[in-house]
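Q: Just so we're aligned: the sequence shown equals residues 1449 to 1592 in my numbering. Glycine included, C-beta positions come from ideal geometry on N, C-alpha and C.
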Amino acid sequence: MNVRPARVTIAVTLAALLAGAGAKPHVLHAAAQAQASTSADASVRDLLQKYSTALESLDANAVKKVQPSIPAENLTKAFKDMRELKVRIEDVRVLSSDGTTARVSCRVTQTLTPKAGAKQTTSVTRVMRLRRDADMWLIDGFER
């Protein structure tokens, strides 16, 4: 039985869901690119920790709590084919923040272990768009 196509499909599906397929690039003004305050940086890091924990739980509803725009049904289908997902988010840099929105660059490394087949690891630098909702940050989308 050839499991390679299923592994590729799972990885591609998950990558497309997490990348927010069809996301529009965001044009920046130079003045908006200043570093955010230490408190904004800490709350952004907290959000990214919650995001990686939600992904690792293989629970689409948990992911939807920190990334409301993600189609939970598609994510649920992708998670069904996974035995384990490990997510590491490193090199976090707040590119801009105005208190209600932020842009963050980070390195996301995912190690996916499908139910059938061998584990695979991908690593990519992403720029996330965040928005403030009440007293917490949420992931609004991805630029790349």
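Is the CB-CB distance between residue 1511 and residue 1495 below 9 Å?
A: Their beta carbons are not under 9 Å apart, which means residue 1511 does not touch residue 1495 by this criterion.
Q: On the DSSP bridge assignment, give the partners of residue 1575 in chain order.
A: For residue 1575, which the question treats as bridged, DSSP gives the partners 1553.
Q: Just the Cα atoms here: how many angstroms apart are residue 1535 and residue 1524?
A: Spanning the two alpha carbons is a distance of roughly 17 Å.
Q: According to DSSP, which residues form a beta bridge with residue 1534?
A: DSSP lists 1559 as partners of residue 1534.
Q: Taking 9 Å as the threshold (C-beta atoms), are residue 1550 and residue 1492 in contact?
A: Result yes, Cβ atoms of residue 1492 and residue 1550 sit closer than 9 Å.
Q: For residue 1587, which residues does DSSP report across the bridge?
A: Residue 1587 is bridged to 1578.
Q: DSSP state of residue 1539, grouped into three classes?
A: Strand, per DSSP.
Q: For residue 1568, which residues does DSSP report across the bridge?
A: In the DSSP output, where bridge partners are listed per residue, residue 1568 has 1560.
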